[in-house]
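Undergrad: Pasting in a structure now, in structure tokens, and then I'll have a few things to ask.
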Ligand code: KG4
Ligand code: ZN
């Protein structure tokens, strides 16, 4: 089954053709980074406009690279939630148009489900159940993935997402957007023990996360240095900050391992590209003799191949949308739309 998948939840316009959930025939991404860089972050209105301009060409290129015609596809899939509403709407409406004109089924895909599925296209043997740590710009979740479309959220951030905390810290230190990626690069040879940042104390749940205190601490540190006329030591502050974020992520994941005793652990979402997180997750998985899966770097960030992969399993589960499908800015991963 060949699925033409579309992703437009944030600032990447992407389309891909994926066969039977695992084989990527093409994956095309039109990045908007050069434009958003001017503003230090994603400007939702600009993102929507660029999606409108790019989506048609990106889909055409995905079909060309897969060496198929529109009529050769068996279904159209799109990310419908969660994300920037104006950005999602472009992909959803374009997918609806394609579905209507070709008569092929329309498959709605949850963005975090697709991030998890990025591991299916990178590791053919991977099948649920497994424990997933999903870390993106907008979400930080520990998820018990029981089956391809069956999820239980067991831990989540109480405030900021890990990616958001990375981006904000990077911006405060004067690093350009995308902050998480640039801080990872800058901090590569910094000393992670040179600055001490606070660890969150969370009532009632040992699996929940919090990053807002840490974010405030780095902002205060940099502002204090600037008030004294000193330049922040980006390498060492960055390395210490990333080390603290990763420690928080690994601590909670270790607790979840001790509760669920999973055979497999997977990492997903944009922050899964972080070099320190990848290393520390490997150490953690080795400690408990668990098999660890992480997406290839090219599938960590937003892309449509992961949407095409998850769509295959949604389709098998009967998740087919009518043309009434709407975009939704916020929706938990364990919820399905009813249409
Ligand atoms: O999944 P994603 O591409 O978009 C969302 O769904 O949010 O994640 C984007 C996030 C951003 O916060 C970005 O700074 C972060 O992933 N990110 C990284 C790295 N690459 C991307 N954070 C830390 N280290 C990286 N290498
Ligand atoms: Zn994402």
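Residue numbers (our numbering): 12 to 350.
Beta carbons: idealized from backbone N, C-alpha and C, even for Gly.
On a CA-only basis, which of 318, 41, 114, 312 is nearest residue 147? Give me that one, please.
TA: Looking up residue 147 in the chain shown gives position 136. Comparing Cα positions, the closest option is 312.
Undergrad: Is residue 102 close to ligand 2? I mean its beta-carbon at under 7 angstroms from any heavy atom of the ligand.
TA: As a first step, residue 102 is located in the chain shown; it is residue number 91 there, counting from the start. Every heavy atom of ligand 2 is 7 angstroms or more from the Cβ of residue 102, so no.
Undergrad: Taking 8 angstroms as the threshold (C-beta atoms), are residue 223 and residue 170 in contact?
TA: On the chain shown, residue 170 is found 159 positions in, with the first residue counted as 1. On the chain shown, residue 223 is found 212 positions in, with the first residue counted as 1. For residue 170 and residue 223, yes; Cβs fall inside 8 angstroms.
Undergrad: Should residue 269 be listed as close to ligand 1, given that the test is whether its C-beta is under 7 angstroms from any heavy atom?
TA: One-based indexing of the chain shown puts residue 269 at position 258. Checking every heavy atom of ligand 1 against the Cβ of residue 269, none is found closer than 7 angstroms.
Undergrad: Roughly how many whole angstroms lie between the Cα atoms of residue 66 and residue 19?
TA: By 1-based counting over the chain shown, the position of residue 66 is 55. By 1-based counting over the chain shown, the position of residue 19 is 8. Approximately 9 angstroms, taken between the alpha carbons.
Undergrad: Where in the region 237–293 do unbroken runs of the beta strand (DSSP E), each at least 3 residues long, occur, reported from the N-terminal end onward?
TA: Whole beta strand (DSSP E) segments, 3+ residues: 275–279.
Undergrad: Measuring straight from C-alpha to C-alpha, what distance separates residue 25 and residue 35?
TA: Numbered from 1 along the chain shown, position 14 holds the residue referred to as residue 25. Numbered from 1 along the chain shown, position 24 holds the residue referred to as residue 35. Their Cα atoms are separated by approximately 13 angstroms.
Undergrad: Just checking residue 130 against ligand 1 - is the residue's beta carbon closer than 7 angstroms to any of the ligand's heavy atoms?
TA: The sequence position of residue 130 within the chain shown is 119, counting from 1. No, ligand 1 has no heavy atom inside 7 angstroms of this Cβ.
Undergrad: Are residue 145 and residue 280 touching if we call contact CB-CB under 8 angstroms?
TA: As a position in the chain shown, residue 145 is number 134, starting the count at 1. As a position in the chain shown, residue 280 is number 269, starting the count at 1. Yes, they are a contact pair.
Undergrad: Roughly how far, in whole angstroms, is the beta-carbon of residue 164 from the beta-carbon of residue 344, given that I think they are within contact range, below 8 angstroms?
TA: Within the chain shown, the letter at position 153 stands for residue 164. Within the chain shown, the letter at position 333 stands for residue 344. Between residue 344 and residue 164 the Cβ distance is about 7 angstroms, and since that is below 8 angstroms, they are a contact.
Undergrad: For a test of the three-state rule: what should DSSP assign to residue 141, helix, strand or coil?
TA: Locating residue 141 in the chain shown gives position 130, where the first residue counts as 1. If DSSP states are grouped into helix, strand and coil, residue 141 belongs with the strands.
Undergrad: Go through the residues and name those whose CB comes closer than 5 angstroms to any heavy atom of ligand 2, in chain order.
TA: Having a Cβ closer than 5 angstroms to some heavy atom of ligand 2 are 147, 313.
Undergrad: Whole beta strand (DSSP E) runs in the region 184–237 with 3 or more residues, listed along the chain?
TA: Listed in chain order, nothing qualifies, since the region 184–237 has no complete beta strand (DSSP E) run of 3 or more residues.
Undergrad: Alpha carbon to alpha carbon, what distance is there between residue 105 and residue 98?
TA: Your numbering for residue 98 matches position 87 in the chain shown. Your numbering for residue 105 matches position 94 in the chain shown. Cα to Cα, the separation comes out at about 11 angstroms.
Undergrad: Quick one: what does DSSP say residue 321 is sitting in, helix, strand or coil?
TA: The residue you call residue 321 lines up with position 310 of the chain shown. Residue 321 falls in the helix class under three-state DSSP.
Undergrad: Please tell me whether residue 156 and residue 173 are closer than 8 angstroms, where the distance is taken between their beta carbons.
TA: Locating residue 156 in the chain shown gives position 145, where the first residue counts as 1. Locating residue 173 in the chain shown gives position 162, where the first residue counts as 1. For residue 156 and residue 173, no; Cβs fall outside 8 angstroms.
Undergrad: When the Cα of residue 320 is compared with those of 216, 185, 87, which residue comes out closest?
TA: Here residue 320 refers to the residue found at position 309 of the chain shown. The residue with the shortest Cα to Cα distance from residue 320 is 87.
Undergrad: Alpha carbon to alpha carbon, how far is residue 277 from residue 141? Give it in angstroms, no decimals.
TA: As a working note, residue 141 is residue 130 in the chain shown. As a working note, residue 277 is residue 266 in the chain shown. Between residue 141 and residue 277, the C-alpha separation is close to 7 angstroms.
Undergrad: Where do the ends of the alpha helix (DSSP H) carrying residue 58 lie?
TA: Counted from its first residue, the chain shown places residue 58 at position 47. Counting along the chain, the alpha helix (DSSP H) containing residue 58 begins and ends at 55–76.
Undergrad: Would you check if there are 3 or more beta carbon pairs closer than 8 angstroms linking the region 44–60 to the region 116–132?
TA: No, the region 44–60 does not touch the region 116–132.
Undergrad: With hydrogens ignored, establish whether the beta-carbon of residue 192 is closer than 7 angstroms to any heavy atom of ligand 1.
TA: By 1-based counting over the chain shown, the position of residue 192 is 181. Answer for residue 192: yes, Cβ within range of ligand 1.
Undergrad: What are the boundary residues of the beta strand (DSSP E) that includes residue 91?
TA: Residue mapping note: residue 91 aligns to position 80 of the chain shown, counting from 1. Segment 86–92, the beta strand (DSSP E) holding residue 91.
Undergrad: Taking CB distances under 8 angstroms as the criterion, tell me whether residue 73 reaches chain B.
TA: No chain B appears in this structure, which consists of one protein chain only.
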